[in-house]
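Each residue of the sequence shown is one higher than the last, beginning at 1 in UniProt numbering. Glycine included, C-beta positions come from ideal geometry on N, C-alpha and C.
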Amino acid sequence: MAPKLKVITDGIRSDAGMWDEQSGKLGGIHDTLEGFRINRIEAGLFQVLYSAYMDAIDQLSARTAEGKTRTKEVADALLKNAKAYDNHEVDTKKSVEDAY
Numbered sequence: 001m002a003p004k005l006k007v008i009t010d011g012i013r014s015d016a017g018m019w020d021e022q023s024g025k026l027g028g029i030h031d032t033l034e035g036f037r038i039n040r041i042e043a044g045l046f047q048v049l050y051s052a053y054m055d056a057i058d059q060l061s062a063r064t065a066e067g068k069t070r071t072k073e074v075a076d077a078l079l080k081n082a083k084a085y086d087n088h089e090v091d092t093k094k095s096v097e098d099a100y
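Shown next, in the form of structure tokens:
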């Protein structure tokens, strides 16, 4: 594999790791938000705010769950592309060596 391509694919893999890490963090936020759910009795004096509070928890929870999934997809796509670059380089090198 050419040195420049190795640097590029290592960089792509590094970026994939960052996206994967962010996916885990979003999953942790999602789990924390789920712990903030309360029922009407627990709301006590704040019954007036209960619906808005639960709507906010629902939205934040849904967005962080989606973010976790999407950032994981980005990480997976980056790894797939790095592997494709590496495989293409190996195939190209082999075809050139076999040509002579």
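Inset, instruction - Decide if the stretch 30 to 46 is in contact with the stretch 82 to 90; the criterion is three or more beta carbon pairs, one per stretch, under 8 Å apart. - result: no
Legend entry - Exposure label - residue 25; buried when at least 16 CB within 10 Å: exposed
Inset, instruction - Give the straight-line distance between the Cα atoms of residue 76 and residue 52, rounded to the nearest whole angstrom. - result: 36 Å
Inset, instruction - Please name the residue, chosen from 73, 49, 66, that lies closest to residue 38 on a Cα-to-Cα basis. - result: 49
Inset, instruction - Flag this pair as touching only if the stretch 26 to 34 and the stretch 56 to 65 have three or more C-beta atom pairs under 8 Å; answer yes or no. - result: yes
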